[in-house]
Amino acid sequence: MAEPVVDLRDDLTRSRLESAVAHLTDVDVVEFEHDWWDGQAHAPCLVVRGGRRHRLLRVVEAGGEALVVPFDRRTAQRWLAELRRPRRPELGIPSQRTPSEDVVFDVDADVLRCESPTCGALLPIDHDGACPVCGAGADGGAGGDGVSEEKSTATGARTAGSSTSK
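Counted from 1, the sequence shown has number 18 at position 18 by this note's numbering; the numbering is strictly sequential.
Here it is, written out as structure tokens:
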């Protein structure tokens, strides 16, 4: 009873493998092996003669696709092993971001500008303390107008207080 089922399975597999090489010119089917060992698994194999030099080739199924591999058992096993080797999918090139993913700030509504007229730093709305760029708003630093009490001399040295010395 199992014999007709096996024959039907082999006939369907053979026709699927034959249809995979039907588009090639001058291909002759030599034999069908229902249990060919490819080095990692037992799989059906169709042996055909074809190609430019009318060489022997194997048509096998791997990963749901019919593949034409060389007839030499060792070479065919290496090709199939390379195809089955696990690969790291995360090493691909990431897709480009779409414009909808960009973060857009409205300067008038989402951020505050520094109090100093000479500084244009944008600060978060809930920012407390001095400006990290110019120091405006801190107790010891520049005042609300951005003018520092610190003076500089002709040599570039900074002194606190008056620039005139006695």
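By construction, the Cβ of each residue, glycine as well, lies at the ideal position given by its N, Cα and C atoms.
Just to confirm the assignment, what range does the beta strand (DSSP E) spanning residue i have?
i    : result
A66  : 65-70
R55  : 55-62
P124 : 122-124
From the DSSP output, in three-state form, read off residue i for me.
i    : result
S95  : coil
L80  : helix
D167 : Residue 167 lies beyond the range of the chain shown here (1 to 166); nothing can be said about it.
P117 : coil
V21  : coil
V5   : helix
D128 : coil
R16  : helix
R49  : strand
D28  : strand
So residue i and residue j are in contact, right, with Cβ under 8 Å, and what is the actual spacing, rounded?
i   : j   : result
P44 : E31 : Not a contact, Cβ separation roughly 11 Å.
E61 : L17 : 7 Å
R6  : V48 : According to the sequence displayed, residue 6 carries Val and not Arg. No, V6 and V48 are not in contact; Cβ-Cβ is about 22 Å, not under 8 Å.
For chain B, check one thing: does any of its Cβ atoms lie closer than 8 Å to the Cβ of residue i?
i   : result
E31 : In the structure shown, chain B does not exist; there is a single protein chain.
Validate contact between the segment 47-54 and the segment 73-87 using beta carbons, cut 8 Å, 3 pairs: The segment 47-54, when compared against the segment 73-87, does not touch it at the 8 Å Cβ threshold.
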